[in-house]
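Add 21 to a position in the sequence shown, counting from 1, and you land on the number used in the numbering used here. Below is one structure; the comments refer to it alone.
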Amino acid sequence: MRTLAEYVEARPSVGIVGPKILNPDGSLQYSCRRFPNPVAAMFRNTPLGKLFPHNRFTREYLMTDWEHDAPRPVDWVSGAAMLASEAMIESVGVMDEGYFMYCEDVDWCWRARENGWEIVYLPTSVVTHAIGRSTDRIANQMIVRFHRSMLRFYRLRMLPRVFLLWRPFLYLCAAGALALRASIFLGKNLYDAMMRKLRK
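Next up, the structure:
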């Protein structure tokens, strides 16, 4: 954290900085990304992603086309590990409490950028993060909360940029797509749980 703090202190235009995040096995987590967009979501969350696993929309969203070995301005960094400047918090405010565990980091970085702050990925600071370790026991609740948070972010940040008459239709499309995706994950968890019981 000292590396992150020193970086922010030396650069007044930087509002939020995030470290390189590794999985417990040492592999890279894609912890800095572009803001969500409908096309990337379509490729990531539908069979299109299986048909075209290396499509440019997913690559651009996850920022996979660089080595993650140099500091770089990005759209957002993961809330698993980030540091925000005091000046940024005073001008933008704290994370939106309307989110729970998911998308609050995306939303905060969105608000910071909208107010002129830079978001920077800093790989000289390294953190290990075990994804899902704290939520494994309540996985189904987390699936529901994640998709609710995604829909909230879409409604608050993306829809206002769309022509007014299109907003209700696009909101329903987003809600339907997210509900379908959540149902698939919940169904898989239910199936896996039933199979485990049958094997006992």
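C-beta: ideal position from N, C-alpha, C; glycine also.
Item	Value
Does DSSP put Thr149 in a helix, in a strand, or in coil?	strand
In angstroms with no decimal places, state the Cα-to-Cα distance between Met22 and Met215.	43 Å
Which residues share a DSSP beta bridge with Ile140?	Ile37
With contact counted as at least three CB pairs below 8 Å, one residue from each stretch, are the region 87-102 and the region 129-138 in contact?	yes
Is there at least one Cβ from chain B nearer than 7 Å to His168's Cβ?	Here chain B cannot be found, since the structure has a single protein chain.
Quick check on this structure: which residue in Tyr28, Leu219, Leu199 has the alpha carbon closest to the alpha carbon of His168?	Leu199
Cα separation between Leu147 and Pro40?	For clarity, residue 147 is Val in the given sequence; the question names Leu instead. Taking the straight line from one Cα to the other gives about 5 Å.
DSSP on Arg55, reduced to helix/strand/coil?	coil
Fully enclosed by the region 59-126, which alpha helix (DSSP H) runs are 4 residues long or longer?	59-66, 69-72, 77-83, 107-113
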